[in-house]
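Let me begin by presenting the structure, written as structure tokens, before commenting on it.
There are 2 protein chains.
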Amino acid sequence: MYDQLKLDNQLCFRLYTAARLVMQAYYPYFEPLGITYPQYLVLLVLWEKDGRLVNDIAHLLHLETNTVTPLLQRMEKQGLVTRKRGKEDTRQRIVSLTPQGKALEERAKEIPNCLLQKLSDKMDDINCLMASMPALDQVIEGLARQTK
Amino acid sequence: MYDQLKLDNQLCFRLYTAARLVMQAYYPYFEPLGITYPQYLVLLVLWEKDGRLVNDIAHLLHLETNTVTPLLQRMEKQGLVTRKRGKEDTRQRIVSLTPQGKALEERAKEIPNCLLQKLSDKMDDINCLMASMPALDQVIEGLARQTK
DNA sequence: TACTTTTGTATCGTGAACGATATAAATAAA
DNA sequence: TTTATTTATATCGTTCACGATACAAAAGTA
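If you read the protein sequences in the order shown, they are chains A and B.
In this text, residue positions in the first sequence follow the numbering used here: the first is 1320, and each later residue adds one.
In this text, residue positions in the second sequence follow the numbering used here: the first is 1320, and each later residue adds one.
Shown next as structure tokens:
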């Protein structure tokens, strides 16, 4: 058994597991809003700046457009966004929030705090991870560069 | 726009993105072996100890059995594992490595180092994250507790 | 202008991930 | 011993995630 192949030694396994479990922790709050975690991410970027192109959203989230397109189609069907064709460039899709989509911001704003409260006994560890966010960003940037 | 709803402030988005990008970084190495990242995780736990039950694997990976069962079925079809019924308890499935599954360990052992080399210019950040692994484990434990 | 390439999005197929549900075997209770 | 409950897997339906591919519009080239 090679040490580098032990689950206990693998950073990636932690990231993979932590990401999934945090998403699961979000779901009790998403359910009343009728959204999923990736849909929440799309809403986050649209709440920051409305009327974006599919490609912009995909880049911001480090996703492929063939992931984002069906995601947006589902969100359109649910009445959260509209997908209008671009005026000058008719290939483009301009994704905009509907009133319902906008209204969710108010209802979502407390969710991050709720999650933190759930983990109030792990506050030291959370702070440690918060402090590592720049390092995470660097690694993400390094990995994103590879695939270019 | 609420600060806590900015993508830039969200730890979870980093975890989600980093986990996906690390998986993508693995794929060039997985492709010659014909496996996926979740299949690699199953192999990791079987290389550590062969002949496990579906439930044990699921618990170790923090996955549901309804995720693991189809995963193992695909791995069986590819000839990486066998799934034999338990002798005493016939509901159980004893998952064991085939010779091919065992043989992959030798070929996989250098993969983690290869990944590290790819990120050699981000070594400081990697070390920072390695140092945060106990914090990540604590948060994972905290979140896993919630869903029980 | 006609042709080629690039760009923006969409479709398709496959493998996760998970909630809900099913099923059969093992265990506990009546 | 019958009945009820728990346990170990499995099946189904939906949503991601992504490689491969398609396609039409836009931009560049001959």
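Each residue gets a CB set at the ideal place from its N, CA and C atoms; glycine is no exception.
Quantities reported herein were computed from a predicted structural model and do not represent experimental measurements.
Under the three-state DSSP convention, the category residue i falls into
| i | result |
| --- | --- |
| A:Leu1507 | As displayed, chain A neither begins before 1320 nor continues past 1467, which places residue 1507 of chain A out of reach and without an answer. |
| B:Leu1372 | strand |
| B:Met1320 | coil |
| B:Leu1399 | coil |
| B:Gln1465 | helix |
| A:Lys1378 | The residue asked about is misnamed: residue 1378 of chain A is His in this sequence, not Lys. Helix. |
| A:Glu1367 | helix |
| A:Gln1358 | helix |
| A:Gln1343 | helix |
| B:Glu1460 | helix |
| A:Gln1392 | helix |
Contacts of residue i in chain A (Cβ-Cβ under 7 Å)
| i | result |
| --- | --- |
| B:Ser1451 | Cys1447, Leu1448 and Ser1451 |
| B:Leu1330 | Leu1448, Met1449 and Met1452 |
Buried versus exposed call for residue i [16 or more other C-beta atoms within 10 Å across all chains shown]
| i | result |
| --- | --- |
| B:Lys1467 | Because the pLDDT of B:Lys1467 is 49, which lies under 50, any placement of that residue in the model is unreliable, and the number read from its coordinates should be weighed accordingly. Label assigned to B:Lys1467: exposed. |
| B:Ser1468 | With chain B running from 1320 to 1467 in the structure shown, residue 1468 of chain B is simply not present. |
| B:Gln1329 | buried |
| B:Asp1444 | buried |
| A:Pro1431 | buried |
| A:Thr1336 | buried |
| A:Gly1398 | exposed |
| A:Gln1323 | exposed |
| A:Cys1433 | exposed |
| A:Gly1405 | exposed |
| B:Lys1441 | buried |
| B:Met1449 | exposed |
| A:Ala1422 | exposed |
| B:Arg1464 | exposed |
Chain-ordered chain B contacts of residue i [CB-CB under 9 Å]
| i | result |
| --- | --- |
| A:Ile1413 | By Cβ distance, chain B contributes nothing, its closest Cβ being about 20 Å from A:Ile1413, past 9 Å. |
| A:Asn1432 | Gln1323 |
| A:Glu1424 | Met1320, Tyr1321 and Leu1324 |
Under 8 Å from the C-beta of residue i: neighbouring residues of chain B
| i | result |
| --- | --- |
| A:Lys1421 | Under the 8 Å cutoff, chain B gives no residues; its nearest Cβ is about 11 Å from A:Lys1421. |
Contacts of residue i in chain A (Cβ-Cβ under 8 Å)
| i | result |
| --- | --- |
| B:Gln1436 | Those within 8 Å of B:Gln1436 in chain A number zero; the least Cβ separation is about 12 Å. |
| B:Ile1296 | Only positions 1320 to 1467 of chain B appear in this structure, which leaves residue 1296 of chain B out of reach. |
| B:Val1373 | Those within 8 Å of B:Val1373 in chain A number zero; the least Cβ separation is about 17 Å. |
| B:His1381 | Thr1336, Arg1339 and Leu1340 |
| B:Ala1427 | Leu1324 |
Chain B contact residues for residue i, given Cβ-Cβ distances below 7 Å
| i | result |
| --- | --- |
| A:Asp1369 | Ordered by position in chain B, no residue passes the 7 Å Cβ test against A:Asp1369, which lies about 11 Å from the chain. |
| A:Ala1344 | Leu1462 and Gln1465 |
| A:Lys1406 | Going along chain B, no residue has its Cβ under 7 Å from A:Lys1406, so there is no contact; the nearest lies around 26 Å. |
| A:Met1320 | Trp1366 and Glu1367 |
| A:Leu1363 | Leu1324 and Leu1326 |
Any non-hydrogen atom of the ligand ATP within 6 Å of residue i CB
| i | result |
| --- | --- |
| A:Gln1436 | As presented, the structure is devoid of all ligands, the ligand ATP included, so that no description of it is given. |
Partner residues on chain A for residue i, Cβ-Cβ distance less than 9 Å
| i | result |
| --- | --- |
| B:Ala1454 | Lys1441, Asp1443, Asp1444, Ile1445, Asn1446, Cys1447, Leu1448 and Ser1451 |
Whole beta strand (DSSP E) elements within the segment 1401–1442 of chain B, 3-residue minimum:
1412–1416
Answer yes if the segment 1339–1355 of chain B comes into contact with the segment 1426–1442 of chain B, meaning at least three C-beta pairs across the two stretches below 8 Å, and no otherwise.
yes
Say whether the segment 1362–1380 of chain A touches the segment 1413–1421 of chain A, bearing in mind that this needs 3 or more beta-carbon pairs closer than 8 Å, one atom from each stretch.
yes
Are three or more beta carbon pairs between the segment 1392–1408 of chain B and the segment 1354–1363 of chain A nearer than 8 Å?
no
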